[in-house]
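Just so we're aligned, residue 0 is where the sequence shown starts under numbering that gives the first Met the number 0, counting upward by one.
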Amino acid sequence: MLPALPFQRTALTLALVLSSLAPAHSAAPVLEHLYPAGGQQGTTVNVTANGKFEPWPVEVWTDHPGLVFKADKDKGKFTVEVSKDVPVGPHLVRVYNADGASVPRFFLVNTHTEVLDKESNDSPRQAQALDQLPVIVNGRLERGGDVDGYAVKLQAGQWLVASVNAFTIYSTMDGLLRITDTNGFKLAFAHDSDTLDPFLAWQAKSNGTYVVQVMGFAHPATSSENLGGGANYIYRLSLTTGPYLRYAFPSTVQRGQKENLQLIGWNLTQSARTMSLDATALKAGRDEAVIHPKEAFNNLAIPLSDAPALRETEPNNAAEQAQKIAVPCSINGIFQEPGDVDRFVFEAKKDAKLEFEVEGASPGTPLDAWLRLLDHTGKELAKTGEREGGRRRSRDSGDAGSRLSWTAPADGTYSILLGNLLHKGGEDYVYRLDITSPKPGFAAKASAHTFSIAPGKTNEVKATVRLLNGFDHKLKLAAKNLPKGVSAEAVEVSDKGGDVTLKLVAADDAPPWNGVIQLAISDTKTSHDEILSADLTSGGIDNGVPQGFPTLVLERTDQLWLTVTPKPAPKEEKKEEKK
Numbered sequence: 000m001l002p003a004l005p006f007q008r009t010a011l012t013l014a015l016v017l018s019s020l021a022p023a024h025s026a027a028p029v030l031e032h033l034y035p036a037g038g039q040q041g042t043t044v045n046v047t048a049n050g051k052f053e054p055w056p057v058e059v060w061t062d063h064p065g066l067v068f069k070a071d072k073d074k075g076k077f078t079v080e081v082s083k084d085v086p087v088g089p090h091l092v093r094v095y096n097a098d099g100a101s102v103p104r105f106f107l108v109n110t111h112t113e114v115l116d117k118e119s120n121d122s123p124r125q126a127q128a129l130d131q132l133p134v135i136v137n138g139r140l141e142r143g144g145d146v147d148g149y150a151v152k153l154q155a156g157q158w159l160v161a162s163v164n165a166f167t168i169y170s171t172m173d174g175l176l177r178i179t180d181t182n183g184f185k186l187a188f189a190h191d192s193d194t195l196d197p198f199l200a201w202q203a204k205s206n207g208t209y210v211v212q213v214m215g216f217a218h219p220a221t222s223s224e225n226l227g228g229g230a231n232y233i234y235r236l237s238l239t240t241g242p243y244l245r246y247a248f249p250s251t252v253q254r255g256q257k258e259n260l261q262l263i264g265w266n267l268t269q270s271a272r273t274m275s276l277d278a279t280a281l282k283a284g285r286d287e288a289v290i291h292p293k294e295a296f297n298n299l300a301i302p303l304s305d306a307p308a309l310r311e312t313e314p315n316n317a318a319e320q321a322q323k324i325a326v327p328c329s330i331n332g333i334f335q336e337p338g339d340v341d342r343f344v345f346e347a348k349k350d351a352k353l354e355f356e357v358e359g360a361s362p363g364t365p366l367d368a369w370l371r372l373l374d375h376t377g378k379e380l381a382k383t384g385e386r387e388g389g390r391r392r393s394r395d396s397g398d399a400g401s402r403l404s405w406t407a408p409a410d411g412t413y414s415i416l417l418g419n420l421l422h423k424g425g426e427d428y429v430y431r432l433d434i435t436s437p438k439p440g441f442a443a444k445a446s447a448h449t450f451s452i453a454p455g456k457t458n459e460v461k462a463t464v465r466l467l468n469g470f471d472h473k474l475k476l477a478a479k480n481l482p483k484g485v486s487a488e489a490v491e492v493s494d495k496g497g498d499v500t501l502k503l504v505a506a507d508d509a510p511p512w513n514g515v516i517q518l519a520i521s522d523t524k525t526s527h528d529e530i531l532s533a534d535l536t537s538g539g540i541d542n543g544v545p546q547g548f549p550t551l552v553l554e555r556t557d558q559l560w561l562t563v564t565p566k567p568a569p570k571e572e573k574k575e576e577k578k
């Protein structure tokens with residue numbers, strides 16, 4: 000019911016538009032960044048959100064029940080409780096009100112001590128002292144030209160491993176790392192790694208105090224060459240002189256098998272250089288195993304292979320030394336010296352279809368591989384050597400790779416040659432060659448991760464489906480976990496795949512609601528459901544890269560958000576009163 004409004008009678012006709020007295024709907028909140036953008040397990044963190052939050056307070060959703068945001072009295076301020084059972088890694092956070100939800104942002108959980116940067120720490124002499132490593136520093140470049148410095152004590156021969164998360168958590172900075180002495184003399188510098196975020200491993204030559212500096216340019220880039228700063232120039236700087244994992248060899252393990260891994264990295268003790276991975280104990284459906292030795296700062300994701308996981312055996316450079324393999328398989332190898340070429344030989348039947356893909360062992364592995372396919376006479380049938388589509392996205396390996404699809408022209412013996420375009424070698428030049436037989440299937444994704452609908456209205460939810468390798472089963476797109484008053488009739492996917500549109504229909508009396516829904520593609524022949532994910536990588540920011548941010552700490556989510564907005568109050572006709 001509308002509230003009563005006292006008014007005075009006048010000699011003039013007074014037109015009252017009572018409909019304007021209905022409570023006005025506010026806009027959906029906007030969440031740009033969280034600062035700090037992470038916290039340690041088992042702690043409580045004071046977090047400031049940057050964005051638009053009218054009215055305050057807003058509600059907060061996170062992807063884990065142990066990560067709880069509680070709004071403070073002051074706008075944009077939260078107290079965040081991080082329980083000990085929240086998994087280490089990135090988590091999604093949304094803020095919402097009755098009119099909608101923000102896009103998700105990231106909150107990173109870890110096991111290490113976290114601190115905030117303290118100004119002023121611009122010059123090496125003012126650097127903020129970090130008395131104990133490992134540590135994660137949550138920082139923000141407050142203004143243009145800001146440089147944050149952190150002083151650490153190192154022993155001669157000790158490796159300092161420094162990495163930044165900024166670009167990968169939607170920060171508007173293209174970060175730089177620099178190590179100096181206390182007089183400001185530059186000792187090491189890093190800009191981009193496998194993303195725009197810098198990574199630096201540096202070995203101290205003598206005992207002393209050294210300064211790690213963080214700075215950044217604007218991102219998306221501008222015409223200015225000056226260092227940037229501002230509310231959204233947030234970062235997380237990780238520093239350690241302890242064991243840090245870079246990659247494992249072999250870099251893939253067959254499902255249901257056990258494998259002894261050799262671990263490569265920095266500051267690894269002898270006991271930390273090897274570990275056993277038991278892939279027999281992993282749950283079905285997983286495509287990777289995550290290892291985290293107790294003493295290591297970080298973890299590693301080890302891809303799981305359906306085919307046998309083999310190791311390259313030397314010597315195999317010459318044709319007569321080629322290693323015999325049976326396909327499909329996954330081969331783990333190393334270009335052991337500059338100019339090393341690895342050869343493998345296999346049998347294939349006429350019209351057999353195979354896909355070859357060579358990857359570095361982990362993000363940042365300095366590998367730029369080429370691949371050639373020969374028949375038994377040495378005639379070249381196919382080759383790669385150029386990156387196809389640039390860097391792959393991070394879930395698989397995040398590294399540059401070469402890919403080749405091929406059909407055997409006849410029964411026979413064929414050879415694969417692998418090498419490095421830069422003709423470099425050594426223990427860093429680890430690769431994984433996956434040889435697979437393409438199987439019929441489909442790939443699908445949702446076009447968006449956030450939707451809203453009003454009572455009595457409809458809204459369209461779209462998905463894109465690609466049919467692979469002759470897949471011919473009938474598919475249907477359906478919505479799951481819809482709230483009361485909202486329905487969606489399942490829609491058949493075209494025999495050719497493509498875009499599919501699902502209509503959400505809200506009843507006139509659909510109550511207000513905010514929450515997670517899911518989209519699923521159902522294979523009507525096998526009754527198998529596949530939950531669809533939507534990309535997080537665009538973010539609506541034009542950074543000069545197709546699809547927006549190409550690499551984030553999380554790149555997709557299957558937890559789609561739906562808001563059912565409140566039903567507007569009925570409009571009342573204009574009433575006139577005369578004196």
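Glycine included, C-beta positions come from ideal geometry on N, C-alpha and C.
Looking from the CA of Pro219, the closest CA among Asp180, Tyr232, Arg371 and Ser270 belongs to Tyr232.
The beta carbon of Leu476 sits closer than 7 Å to those of Ala462, Ala489, Val490, Val492, Val499, Leu501, Leu518 and Ile520, all from its chain and outside the five residues before and after it, given in chain order. The Cβ-Cβ distance between Leu535 and Thr556 falls below 8 Å. Exclusion of the five residues before and after Lys524 leaves His472 and Lys473 as the residues of its chain whose Cβ lies within less than 7 Å of its Cβ.
Residue burial annotation: Asn182 is exposed, with fewer than 16 other C-beta atoms found within 10 angstroms of its C-beta. Sorting Ile168, Gly455 and Asn468 by C-alpha distance to the C-alpha of Asp507 places Gly455 at the top. Contact annotation: Thr406 and Trp560 have beta-carbon atoms that are not nearer than 8 Å. Taken in chain order, the unbroken stretches of beta strand (DSSP E) that lie wholly in the stretch 187-224 and span 3 residues or more are 198-202 and 207-217. Your pair Leu416 and Arg310 does not check out as a contact, with CB atoms roughly 18 Å apart and the cut at 8 Å. Glu319 carries a helical assignment under DSSP once its states are collapsed to helix, strand and coil. Per DSSP, the continuous beta strand (DSSP E) segment holding His90 begins and ends at Gly88 to Asn96.
Contact between the stretch 245-257 and the stretch 140-158 is absent, with fewer than three C-beta pairs closer than 8 Å. Linking Ile324 to Ser304 through their CA atoms gives a straight-line distance of about 16 Å. Ile333 is the residue among Pro302, Ile333 and Ala300 whose C-alpha sits nearest the C-alpha of Asn315.
Only residues of its own chain outside the window of five on either side were considered, and among them Leu380, Gly411 and Tyr413 have a CB closer than 7 Å to the CB of Asp374, listed in chain order. Positions of the alpha helix (DSSP H) runs, each at least 4 residues long and wholly inside the stretch 40-127, cannot be given because no such run exists. Assigned with DSSP and collapsed to three states, Phe166 falls in helix.
Remark: C-beta atoms of Leu403 and Phe355 approach each other more closely than 8 Å. Within the model, the alpha-carbon separation for Val485 versus Gly514 is close to 12 Å.
Just measuring C-alpha positions, the residue of Phe296, Leu267, Lys444 and Phe248 sitting nearest Ser275 is Phe248.
Taking a cut-off of 8 Å for Cβ pairs, the stretch 265-275 and the stretch 173-182 do not touch, as fewer than three such pairs fall below it. Counting along the chain, Lys502 sits inside the beta strand (DSSP E) bounded by residues Gly497 to Ala505. If you look at Arg235, you'll find it in the beta strand (DSSP E) that goes Ile233 to Thr239. The stretch 297-350 is shown to contain whole beta strand (DSSP E) runs of 3 or more residues at 299-304, 308-310, 328-333 and 341-347, in chain order. Non-local beta-carbon contacts of Thr564 in its own chain, meaning distances under 8 Å to residues more than five positions away in sequence, involve His24, Ala97, Asp98, Gly99, Ser451, Ile452, Ala453, Pro454 and Pro511 in chain order. DSSP places Gln269 within a helical segment (H, G or I) once states are collapsed to three. Beta-bridge partners assigned by DSSP to Asn458: Leu503. Closest by C-alpha distance to Pro89, out of Asp73, Asn331, Gln320 and Leu66, is Leu66. Residue nearest to Arg139 within the set Ala189, Val151, Ser170 and Ala478 is Ser170 (criterion: CA-CA distance).
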